[in-house]
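Chains as they are written, first to last, in my numbering: chain R, 2 to 115; chain B, 4 to 116.
Idealized CB from N, CA, C, for every residue including glycine.
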């Protein structure tokens with residue numbers, strides 16, 4: 002299993018541009034999450050999904066959109082990028098069975114908006 | 004507001020020392036608590052997860068304890084090694100927060116040879 006994979010690893014955007022961060026998991030997990038991590042800080046939840054077709058806002062959803070059309074994929078869309086969205090973005094997944102809700106993380110996407 | 008705090012923010016110890024990392028949370032109504040390791044420029048690796056009904060979990064040289072009544076968890080690392088150098092993050096799943104994990108700011112650990 003590859004686990005949770007994210008693309009791209011790095012990206013520089015100009016203010017006002019848009020992009021989609023990709024996230025895929027091959028563990029058949031029903032829950033998926035997007036977090037952002039600012040320098041020296043913990044992670045903050047942007048959006049999450051409990052299954053295909055179902056998404057919900059986290060703590061810091063403004064400026065982002067998500068969709069979940071399949072169990073495996075959970076892309077994060079940035080519209081009209083702003084400098085405040087400069088951060089490292091992590092995707093994670095978890096399963097309600099087994100060890101409940103233990104989250105597995107991808108390697109992250111480092112985004113700079115200038 | 005439900006928060007998670009980790010003190011100190013940074014810690015430097017000589018190799019071989021036993022050490023304790025602290026995590027405190029503001030509400031005892033938690034579902035579980037998870038400790039992660041993060042290496043520079045990398046994602047998070049889950050180390051230990053403690054359910055609210057448990058007092059501790061162990062994995063190798065790591066032992067995590069949970070005291071809900073005092074709102075505290077500790078991560079004990081025995082016989083530290085330079086390879087343990089990383090940032091350690093504590094995250095709490097509060098009962099009323101759905102699927103959201105609330106993260107502490109992390110403790111950046113350096114183990115000197």
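It is roughly 4 Å from the alpha-carbon of residue 97/B to the alpha-carbon of residue 33/B. Close to residue 60/R, with beta-carbon spacing below 9 Å, are these residues of chain B in chain order: 103 and 105.
Under the three-pair Cβ rule at 8 Å, the segment 78-86 of chain B counts as touching the segment 19-29 of chain B.
Residue 41/B is not a Cβ neighbour of residue 52/B, given a cutoff of 7 Å. Between residue 90/R and residue 12/R, the C-beta gap is not smaller than 7 Å, which leaves the two residues out of contact. The C-beta distance from residue 28/B to residue 43/R rounds to 12 Å, too long to meet the 8 Å contact threshold. Listed along chain B, the residues sitting closer than 8 Å to residue 32/R by beta-carbon distance are 102. The beta carbon of residue 116/B lies closer than 7 Å to those of 18 and 85 in the same chain, with the five residues before and after it left out.
Scanning 73/R, 72/R, 2/R and 49/R for the CA closest to the CA of residue 66/R turns up 49/R.
Residue burial annotation: residue 89/B is buried, with at least 16 other C-beta atoms found within 10 angstroms of its C-beta. Remark: C-beta atoms of residue 82/R and residue 18/R approach each other more closely than 7 Å. Distance from the CA of residue 103/R to the CA of residue 14/R, rounded to the nearest whole angstrom, comes to 33 Å.
Buried is the label assigned to residue 7/R, since at least 16 other Cβ atoms lie within 10 Å of its Cβ. Its chain contains 58, 59, 76 and 77 as the residues whose beta carbon lies nearer than 7 Å to that of residue 68/B, once the 5 sequence neighbours on both sides are disregarded; these appear in chain order.
When C-alpha distances from residue 66/B are compared across 39/B, 5/B, 44/B and 103/B, the shortest belongs to 39/B. Residue nearest to residue 49/B within the set 93/B, 43/B and 15/B is 93/B (criterion: CA-CA distance).
Distance from the CA atom of residue 115/R to the CA atom of residue 62/B, rounded to whole angstroms, is 43 Å. In this model, residue 56/B and residue 5/B are separated by some 20 Å (Cα to Cα).
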